[in-house]
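Residue 156 in full-length UniProt numbering sits at position 156 of the sequence shown, and the numbers go up by one each step.
Backbone N, C-alpha and C define an ideal beta-carbon position, used for all residues, glycine too.
Please read all numbers here as calculations on a predicted model, not as lab measurements.
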Amino acid sequence: MHEEDESQCPILLAMTTQTVYRSKTEVFRRKDGVPVPVSLNAAPLSDDAGAEGVVISFQDFSEIKNYQDEIQRLAYQDTLTGLPNRRVLDERLALALGMSDRHDRCLALMFLDLDHFKAVNDTYGHDAGDQLLKEIARRISTCVRKTDTVVRMGGDEFIILLQEVAGPESAERVAAKILEVVAEPVVLTEGKARVGVSIGIAIAEGQTVTPEQLMEQADSAMYEAKRAGKNQYYVWG
């Protein structure tokens, strides 16, 4: 180790400055190269003559780190489908609206509510309903770009944020594709099931609009699609 590197070593600084160094972000590596997160303490060791060295203690932090990572993951993920949750949507929608307003670009927010989902639960049970929701979530995700966000709001409701679209027609094409893939039968353990989806679409075109207002527009548009006969999309405004 070069002298300049030694001067920056926090463990050596613990001895020279006579202060305790504590860290929970250190990483050791096993012989096979696997990283191991550790918590580390370095305390100066001295006698009447002055500094003599450093006492170092460390503890495998893997279990705690894994637990913390899992808590962080659950805070942003729907536990049933693995999709992002409402918290992720709120953050990304606020950012996307700011970009839309500054650069005069369109974005679309789509509110999806499954049609006849209750019949699946009533016929096959809630486990089958959960199985169907996971499959529908997978199908919806195949209809959008990697830059878009598909969120499960809870129950049989989903929201899609299309961060940049050419106009309403682009969102309508996505909606039409979703209608097609959702309509395909879902093979469940208990049998086959079919559901539809009503989709409400709200467009922001660079104007000042709040996330709450856009959500309300998409939600209202979805109910218009329901009233018009279900299994279709409706564009707000």
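Query	Result
Start-to-end residues for the alpha helix (DSSP H) that takes in R92	86-103
Buried or exposed by the 16-neighbour rule on C-beta atoms within 10 Å, applied to T149	buried
CB-CB length for I160 against M153, believed under 8 Å	Actually they are not in contact, since the Cβ atoms of I160 and M153 sit about 11 Å apart, beyond 8 Å.
N41, DSSP secondary structure in three states	strand
Short CB-CB distance (under 8 Å) between G129 and chain D	The structure shown contains no chain D; it holds only a single protein chain.
Cβ distance (whole Å) where D106 is taken to contact G200 below 8 Å	It should be pointed out that residue 106 corresponds to Cys in this sequence rather than to Asp. At roughly 16 Å, the Cβ-Cβ gap does not stay under 8 Å, so C106 and G200 are not in contact.
Cutoff 8 Å; reference Q232; Cβ partners in own chain excluding five residues on either side	L179, S198, I199, A225
DSSP three-state assignment for E166, whether helix, strand or coil	According to the sequence shown, residue 166 is Ala rather than Glu. It is coil, neither helix nor strand.
Alpha helix (DSSP H) runs contained entirely in the UniProt domain "GGDEF" (105-237), provided each spans 4 or more residues	117-124, 126-141, 168-183, 211-227
Neighbourhood of D113 by C-beta, 6 Å cutoff - its chain only, sequence neighbours within 5 removed	E157, S198, M222
R170 to R145 span [Cα, whole Å]	Reading off the sequence shown, one finds Ser at residue 170, where the question assumed Arg. S170 and R145: Cα-Cα distance of roughly 12 Å.
Local conformation of E3 per DSSP, three classes	Bear in mind that the predicted position of E3 carries a pLDDT of just 43, short of 50, making it unreliable; the figure below should be weighed with that in mind. Three-state DSSP puts E3 in a helix.
Which of helix, strand or coil DSSP assigns to V36	strand
Validate contact between the segment 118-126 and the segment 78-98 using beta carbons, cut 8 Å, 3 pairs	no
Residue of Q59, V54, I136 minimising C-alpha distance to A183	I136
Classification of P44 by the beta-carbon crowding that lies within 10 angstroms, buried from 16 upward	buried
Residue range of the beta strand (DSSP E) that includes V27	21-29
Under 8 Å between C-beta atoms of A42 and V27	no
Cutoff 7 Å; reference M1; Cβ partners in own chain excluding five residues on either side	With a pLDDT of 39 at M1, under the threshold of 50, the modelled position of this residue cannot be trusted; read the value that follows with caution. Counting only Cβ-Cβ distances below 7 Å, and skipping sequence neighbours, we find nothing.
Neighbourhood of D78 by C-beta distance below 6 Å, restricted to the same chain and skipping five residues each side	N85, R152
Closest residue to S220 among R22, L109, P10 (Cα-Cα distance)	L109
Outcome for D115 when other beta-carbon atoms lying within 10 angstroms are tallied against a minimum of 16	buried
Burial state of I203, where buried means 16 or more other Cβ atoms lie within 10 Å	buried
Backbone CA spacing between residue 247 and A119 [nearest angstrom]	This structure cannot speak to residue 247, because the chain is shown only from 1 to 237.
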